[in-house]
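Asker: Before anything else, here's the structure in question.
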Amino acid sequence: MHYVSIIEIGSTSITCTICKKEKGLWCTVARKKAKVQLVDRLSRQSILLDRGIKKISWALQQFKKVEEAYVCRGSFVFATGVLRLAKNRFAIVEEIKKKLHITIHILSGHVEAALGYLALKDKTVLDQGVLVDTGGASTELTVISQSRPAYFHSYSFGASTLSKQFFHQTSIDWRYFVDQLKENLKWTMQKMLNTESFSTLVTIGDPHYFLQNQETEEVLSGGDLRQQLLELVEKDYESYRHLGWIPKHRMPSFKGGLLPLLAVIEVFPINSILCKQLTITEGIITALNVKTNTLSL
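All residue numbers for the sequence shown refer to UniProt numbering, where the first residue is 1 and numbers rise by one.
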């Protein structure tokens, strides 16, 4: 038996997942996470600042200790939204490689969306629907038709980047941002006119944390969820408009990606919503197991 590590550099955290092969399939043994908030270190010119780069180096050095404890024989390090958006991403990859002898693979938005779909497919059977993964710096959307992915798209807006835009545009209310997102999504909708139905929306990001009185994996009706989202966003907007700030415990309704979710519900004819806690790393593990099963045939 041997172990490997998969390290995911996300917008707000970096996660190290230790895996082992058991009965021919890869499975998770342990998971360690470091909060880094890289999206807050991304300048308005899309340059990841030195403090953000140092956070990446620090986390990777900490995870080396974890890998040594498990005597890992291999490691795969990948990055998603923030590094993909950073204009200095290639310089960062080279710096980390020289300093720590670690190669960071920056996933394209298409690959990230595909891995999100694989993570879902391993847990849930979905015949028709839309999968939305709202990260800190990007949002991935997958249209599923006849139990297969029919369309992938990655949008360069995420929960935290939208939040930063909102608070820098104090004269514009949240509806303007939803309308902008809807325009982006309508283009996708037009591409998929031949798809029979989008009846189910699956969200694998964090919005479910901010839905009142709901369990993580409960199926909600489209109308009920839309009403909850409108109430949450409107309440926070009123707080900001009158006070000039939003109470800390209410801030996540913007940073939690509720605006993209609301836009999707208003563009696609959604009847029900299913919330799932899934990661891109789980998609990679699923891909490895699919490859293993294919080779064994």
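Virtual Cβ for every residue (Gly too), placed ideally from N, Cα, C. Note that the structure is a prediction, hence the values are computed from the model and not measured.
Would you say Leu42 reaches chain D, if we count a Cβ-Cβ gap shorter than 8 angstroms as a contact?
Answerer: The chain labelled as chain D is not found in the depicted structure, where only one protein chain is given.
Asker: First and last residue of the alpha helix (DSSP H) that includes residue 298?
Answerer: The structure shown does not extend to residue 298, since the chain is modelled only from 1 through 297, so no value can be given for it.
Asker: May I ask which residues mark the beginning and end of the beta strand (DSSP E) holding Ala79?
Answerer: By one-based count along the sequence shown, residue 79 stands at place 79. It spans 74 to 79 - the beta strand (DSSP E) in which Ala79 sits, taken as one unbroken run.
Asker: Can Thr281 and Ile6 be called in contact, C-beta distance under 8 angstroms?
Answerer: Looking up residue 281 in the sequence shown gives position 281. Looking up residue 6 in the sequence shown gives position 6. Yes. Within cutoff.
Asker: By how many angstroms is the C-alpha of Tyr176 removed from the C-alpha of Asp236?
Answerer: Along the sequence shown, read from residue 1 onward, the residue named residue 236 stands at position 236. Along the sequence shown, read from residue 1 onward, the residue named residue 176 stands at position 176. Rounded to the nearest angstrom, the two C-alpha atoms are 15 angstroms apart.
Asker: Starting from Phe90, trace the alpha helix (DSSP H) in both directions and tell me its first and last residue.
Answerer: Looking up residue 90 in the sequence shown gives position 90. Segment 89 to 100, the alpha helix (DSSP H) holding Phe90.
Asker: Cα separation between Asp122 and Leu162?
Answerer: In the sequence shown, counting from the first residue as 1, residue 122 sits at position 122. In the sequence shown, counting from the first residue as 1, residue 162 sits at position 162. Cα-Cα distance, rounded: 30 angstroms.
Asker: What three-state label does DSSP hand Ala137 in the structure shown?
Answerer: Residue numbering aside, residue 137 sits at position 137 when the sequence shown is read from its first letter. Ala137 falls in the coil class under three-state DSSP.
Asker: Looking at the secondary structure, which residues open and close the beta strand (DSSP E) in which Pro260 lies?
Answerer: If you number the sequence shown from 1, residue 260 lands on position 260. Not the beta strand (DSSP E): Pro260 falls in the alpha helix (DSSP H), residues 258 to 267.
Asker: Starting from the Cα of Leu225, find the closest Cα among Glu112, Leu274, Glu183, Val178 and give me that residue.
Answerer: Taking the sequence shown and counting its residues from 1, the one referred to as residue 225 is at position 225. Of the candidates Glu112, Leu274, Glu183, Val178, the one whose C-alpha sits nearest the C-alpha of Leu225 is Leu274.
Asker: Sorted by chain position, which residues of the same chain lie with C-beta nearer than 7 angstroms to Ser156's C-beta, five sequence neighbours on each side aside?
Answerer: Taking the first residue of the sequence shown as 1, we reach residue 156 at position 156. So the list reads Leu85, Ser138, once near-sequence residues are dropped.
Asker: Just to confirm before moving on: does the CB-CB distance between residue 298 and Leu25 stay below 8 angstroms?
Answerer: Absent from the model: residue 298. The displayed extent of the chain is 1 to 297, so no value can be given.
Asker: Please identify the residue among Ile265, Ile144, Gly158 whose C-alpha is closest to the C-alpha of Lys182.
Answerer: Start at 1 with the first residue of the sequence shown, and residue 182 comes out as number 182. Closest by alpha carbon: Ile265.
Asker: By Cβ distance below 7 angstroms, which residues in the same chain neighbour Leu185 in space, the five residues on each side in sequence not counted?
Answerer: Stepping through the sequence shown from its first residue, residue 185 is reached at position 185. Ala263, Val264, Val267.
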